[in-house]
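*Asks:* Structure incoming, see below.
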Amino acid sequence: MRRTVSARRVLVSTALLVFAALWALPFIGLVVTSLKPYSEVILHGWWSMGGTYSLKNYIEALQSPFYNLMAGFRNSFIVATASTFIPVLLASLLAYSLSYLDFKGKTTLFVSILFMMSVPQQMVVIPLYMLYAKIGLLDKLLGLILLHSAWGVPWITFFMRNYLKMIPSSLVESARVDGASETTILMRILIPVITPAVIAASAIQFTWVWGDFFYAMVFLASPDNWVITQRIALLKGEYHIDWGLLSAGAILALIPPLVIYTAFRKYYVRGFAGWALKG
Numbered sequence: 000m001r002r003t004v005s006a007r008r009v010l011v012s013t014a015l016l017v018f019a020a021l022w023a024l025p026f027i028g029l030v031v032t033s034l035k036p037y038s039e040v041i042l043h044g045w046w047s048m049g050g051t052y053s054l055k056n057y058i059e060a061l062q063s064p065f066y067n068l069m070a071g072f073r074n075s076f077i078v079a080t081a082s083t084f085i086p087v088l089l090a091s092l093l094a095y096s097l098s099y100l101d102f103k104g105k106t107t108l109f110v111s112i113l114f115m116m117s118v119p120q121q122m123v124v125i126p127l128y129m130l131y132a133k134i135g136l137l138d139k140l141l142g143l144i145l146l147h148s149a150w151g152v153p154w155i156t157f158f159m160r161n162y163l164k165m166i167p168s169s170l171v172e173s174a175r176v177d178g179a180s181e182t183t184i185l186m187r188i189l190i191p192v193i194t195p196a197v198i199a200a201s202a203i204q205f206t207w208v209w210g211d212f213f214y215a216m217v218f219l220a221s222p223d224n225w226v227i228t229q230r231i232a233l234l235k236g237e238y239h240i241d242w243g244l245l246s247a248g249a250i251l252a253l254i255p256p257l258v259i260y261t262a263f264r265k266y267y268v269r270g271f272a273g274w275a276l277k278g
């Protein structure tokens, strides 16, 4: 029995190591390529560990006025921050209503949320573009913020509702008996309890918006409004691709999501564990 268990563990561990290597290999290649000059990447490839290493590609990517990555970082930060705060706030209120309040159309509202989660983003691009053109939101960061917020509300509501369902209803009922308002119950009693879910949802939403290229490409035309993913696309060049420069830009764009994940990784686990238990 012990041999069987040991063999199984070795097999599982080996499979996990292979899987991890397959995921890590492209990232390692990206880092190595970003530190090499264009000539070495073209002649020897990134897998050749010898040669010259420097931060020249990073410096050029950050300092070049043509690429203007700092403007892209600024715009992405504005869009991602606002597109995280708005849906998390609205979804928290909506999830509380669906979990602890009784009102007409409650089931219909919940089904509508599930339906909105299943709608492909590409399906609504043309109608949204026509609508934005009429109301003057094309090529504006506000338009992109509202768009990402609208997509974030349904899934965050579903996420938060499942987490709230873990909390005993007696806690809410006791607060109501003591005269607490619904706002007080949510903000002072429930939010501290569901902090892991709030942080997990916020981190996921921020990361998703930060990495968006599709909507930014469709709705933002002026270079002054371009987000970081659009700026990174400039690094590929018009006549040739400098893989070192492009890799450096990609690494720089990855830093904010990596920092967020590193800082809040324990909340990812706790938030998803709570969601899975009830969901």
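Numbering (the working numbering), first residue to last: 0 to 278.
Ideal Cβ placement from N, Cα and C applies to all residues, glycine included.
If you're wondering where the values come from, they're calculated on a predicted model, not measured in any experiment.
1) Can you say whether F72 is buried or exposed, counting buried as having 16 or more other CB atoms within 10 angstroms of its CB?
2) Secondary structure at V226, three-state DSSP: helix, strand or coil?
3) For R187 and Y37, I'd like the C-alpha separation in whole angstroms.
4) Could you give the first and the last residue of the continuous alpha helix (DSSP H) run that contains F157?
5) Using CA coordinates, which residue listed in F84, H147, T206 and F76 is at the minimum distance from T261?
6) Would DSSP call G243 helix, strand or coil?
7) Report the rounded CA-to-CA distance for A249 versus A70, giving the unit in angstroms.
8) Identify, in the order they occur along the chain, each residue of the same chain with its Cβ nearer than 6 Å to the Cβ of S180, setting aside the five sequence neighbours on each side.
9) At what residues does the alpha helix (DSSP H) containing S221 begin and finish?
10) Mind checking whether V123 and V217 have CB atoms under 7 Å apart?
11) Could you say if the region 24–39 and the region 239–248 meet the contact criterion of at least three C-beta pairs nearer than 8 Å?
12) So for L137, helix, strand or coil by DSSP?
*Replies:* On the basis of the coordinates in this document:
1) buried
2) coil
3) Taking the CA atoms as reference points, R187 sits about 56 Å from Y37.
4) L140 to L163
5) T206
6) helix
7) 15 Å
8) Sequence-distant partners of S180 (beyond 5 residues in either direction) whose C-beta falls short of 6 Å from its own C-beta are missing from its chain.
9) Careful: S221 lies outside any alpha helix (DSSP H) and carries neither H nor E.
10) Not in contact: V123 and V217 (Cβ atoms no closer than 7 Å).
11) yes
12) coil
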